[in-house]
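Beneath this line is the structure, given in structure tokens, with notes to follow.
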Amino acid sequence: MPTNSVVSAFRVLETVAEEQQVGLSELSRMVDLPKSTVQRCLLTLHELGWLRPSSAAPTRWSLTYRAFSVGSKARDHQQIRETALPTLNELQLATTETIHLCAPDGREMVLIERLDTAHALRAFMPLGQRIPMHASATGQAFLAAQPDDAVRSYVADGLAPRTPSTITDADVLWETIEQIRGRGYSINDQGLSTGITAIGAAILDAKEQPLASVSVSGPTSRITAEKFETYGLAVHAATQTIRDALLRFDLESARGV
Numbered sequence: 013m014p015t016n017s018v019v020s021a022f023r024v025l026e027t028v029a030e031e032q033q034v035g036l037s038e039l040s041r042m043v044d045l046p047k048s049t050v051q052r053c054l055l056t057l058h059e060l061g062w063l064r065p066s067s068a069a070p071t072r073w074s075l076t077y078r079a080f081s082v083g084s085k086a087r088d089h090q091q092i093r094e095t096a097l098p099t100l101n102e103l104q105l106a107t108t109e110t111i112h113l114c115a116p117d118g119r120e121m122v123l124i125e126r127l128d129t130a131h132a133l134r135a136f137m138p139l140g141q142r143i144p145m146h147a148s149a150t151g152q153a154f155l156a157a158q159p160d161d162a163v164r165s166y167v168a169d170g171l172a173p174r175t176p177s178t179i180t181d182a183d184v185l186w187e188t189i190e191q192i193r194g195r196g197y198s199i200n201d202q203g204l205s206t207g208i209t210a211i212g213a214a215i216l217d218a219k220e221q222p223l224a225s226v227s228v229s230g231p232t233s234r235i236t237a238e239k240f241e242t243y244g245l246a247v248h249a250a251t252q253t254i255r256d257a258l259l260r261f262d263l264e265s266a267r268g269v
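According to my numbering, the sequence shown is numbered sequentially starting from 13.
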């Protein structure tokens with residue numbers, strides 16, 4: 013398959029993954045490709061087992077479980093997820109809000125685990141959701157844990173808004189990052205989704221580099237300013253516990269235990 017065809021196929025695949033249950037005309041507009049090209053990509057990806065037409069609406073497309081199967085083989089992220097789960101459960105019980113575990117991919121964080129709250133009114137994102145770093149609690153915490161050069165590189169590519177509250181000014185983002193570094197956790201008040209507040213912290217490796225981030229998310233009506241410090245300290249402590257568990261795992265693996 014020519015390189016440009018491979019690129020087109022991946023663009024179609026990623027857009028279907030993002031939208032789920034999407035039709036040909038919509039896809040063509042979203043990926044800015046002719047319908048004939050998109051149709052060929054859809055049929056090829058269907059033949060290879062990556063996409064399937066919806067049983068309820070055969071002209072609309074969604075991912076198959078092949079994508080999940082391949083994605084689950086991302087071992088670093090899988091190890092982080094499995095190691096973090098007990099601590100995430102404790103954090104969810106302590107806060108009673110939704111807990112997110114996100115890992116980096118380029119300029120975005122990808123949701124690799126979610127523990128839902130029992131509250132009827134809740135924050136919700138599907139697993140695999142991609143979110144801009146500057147617009148999310150997990151992403152801001154991840155950025156704050158990176159060297160300044162990495163932050164400058166991120167800022168240089170622009171800060172697109174997701175809501176009216178998203179940080180889009182570079183100076184404001186730098187101020188926010190310094191605050192996160194000082195207190196150990198991020199506070200993202202409706203920057204990703206209107207009506208949702210999240211508090212996050214980064215999981216660091218042995219060299220103090222960020223591996224992933226955890227957040228506590230919920231309606232702004234429940235996660236009020238009075239809870240910021242309590243939840244912030246809780247999520248920061250959780251990431252420290254996860255880090256310690258990962259370091260123990262690495263040490264035991266090195267010893268062949």
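The C-beta atom is built at its ideal place from N, Cα and C for all residues, glycine as well.
Computed from a prediction, not measured in an experiment: that's the story for all the values here.
Inset, instruction - May I ask you to report which of helix, strand or coil DSSP gives M137? - result: Reading the sequence shown from its first residue, position 125 is the one you call residue 137. Per DSSP, reduced to three states, the secondary structure at M137 is coil, with no helix or strand assignment.
Inset, instruction - Within the same chain, show all residues whose beta-carbon is closer than 7 Å to that of S20, passing over the 5 residues directly before and after it, in chain order. - result: Locating residue 20 in the sequence shown gives position 8, where the first residue counts as 1. The answer, listed in chain order, is L45, T49, C53.
Legend entry - Local conformation of L103 per DSSP, three classes: Within the sequence shown, residue 103 is the residue found at index 91, counting from 1. DSSP places L103 in helix when its eight states are reduced to three.
Inset, instruction - In angstroms with no decimal places, state the Cα-to-Cα distance between P14 and T95. - result: Indexing the sequence shown from 1 puts residue 14 at position 2. Indexing the sequence shown from 1 puts residue 95 at position 83. Legend: pLDDT at P14 = 49, less than 50; position of this residue unreliable, value from coordinates given subsequently. Distance between the alpha carbons of P14 and T95 is about 41 Å.
Inset, instruction - Report the rounded CA-to-CA distance for G151 versus G140, giving the unit in angstroms. - result: What you label residue 151 is simply residue 139 of the sequence shown in a count that begins at 1. What you label residue 140 is simply residue 128 of the sequence shown in a count that begins at 1. Taking the straight line joining both Cα atoms gives about 15 Å.
Legend entry - DSSP three-state assignment for R174, whether helix, strand or coil: Position 162 of the sequence shown holds residue 174. In the structure shown, R174 sits in coil (DSSP, three-state: anything other than H, G, I, E or B).
Inset, instruction - Put T209 into one of helix, strand or coil per three-state DSSP. - result: As a working note, residue 209 is residue 197 in the sequence shown. Residue state, collapsed to three classes: strand.
Inset, instruction - In the DSSP assignment, find the unbroken alpha helix (DSSP H) run with I235 in it and report its ends. - result: For the purposes of this step, residue 235 is identified with residue 223 of the sequence shown, where counting begins at 1. It is not in any alpha helix (DSSP H) - I235 carries neither H nor E in the DSSP assignment.
Inset, instruction - Ignore the nearest five residues each way along the sequence and tell me which others in L75's own chain have a CB closer than 6 Å to its CB. - result: Within the sequence shown, numbered from 1, the residue matching residue 75 stands at position 63. A29.
Inset, instruction - For E238, count neighbouring Cβ atoms within 10 angstroms of its own Cβ and tell me buried if that reaches 16, exposed if not. - result: Here the question's residue 238 lines up with position 226 in the sequence shown. Burial is judged here by how many other beta carbons sit within 10 angstroms of a residue's own beta carbon; E238 has fewer than 16 and is exposed.
Inset, instruction - Evaluate Q104 with the Cβ neighbour count: other Cβ atoms within 10 Å of its Cβ, from every protein chain shown; 16 or more gives buried, anything less gives exposed. - result: To locate residue 104, count along the sequence shown from 1; it is residue 92. Classification of Q104: buried, given that the 10 Å Cβ count is 16 or more.
Legend entry - Straight-line gap, V34 to T27 (C-alpha atoms, nearest Å): What you label residue 34 is simply residue 22 of the sequence shown in a count that begins at 1. What you label residue 27 is simply residue 15 of the sequence shown in a count that begins at 1. Their Cα atoms are separated by approximately 9 Å.
Inset, instruction - Find the nearest neighbour of D256 within the set G230, L60, A218, judged by alpha-carbon distance. - result: Taking the sequence shown and counting its residues from 1, one reaches residue 256 at position 244. Comparing Cα-Cα distances from D256 to each of G230, L60, A218, the minimum goes to A218.
Legend entry - Contacting residues, own chain, Cβ-Cβ under 6 Å from I235 (five flanking each side not counted): Here residue 235 corresponds to residue number 223 of the sequence shown, with the count starting at 1. Correct list, in chain order: T209.
Inset, instruction - Ignoring anything shorter than 3 residues or poking outside the region 180–206, list the beta strand (DSSP E) runs there in chain order. - result: The qualifying runs are 198–201.
Inset, instruction - Specify the secondary structure class of H131 as computed by DSSP and reduced to three states. - result: On the sequence shown, position 119 is the one that residue 131 refers to. The answer is coil: DSSP assigns H131 none of H, G, I, E or B.
Inset, instruction - Would you decide whether G203 is buried or exposed? Buried here means 16 or more other CB atoms lie within 10 Å of its CB. - result: Position 191 of the sequence shown holds residue 203. Counting Cβ neighbours within 10 Å, G203 comes out buried, since at least 16 surround it.
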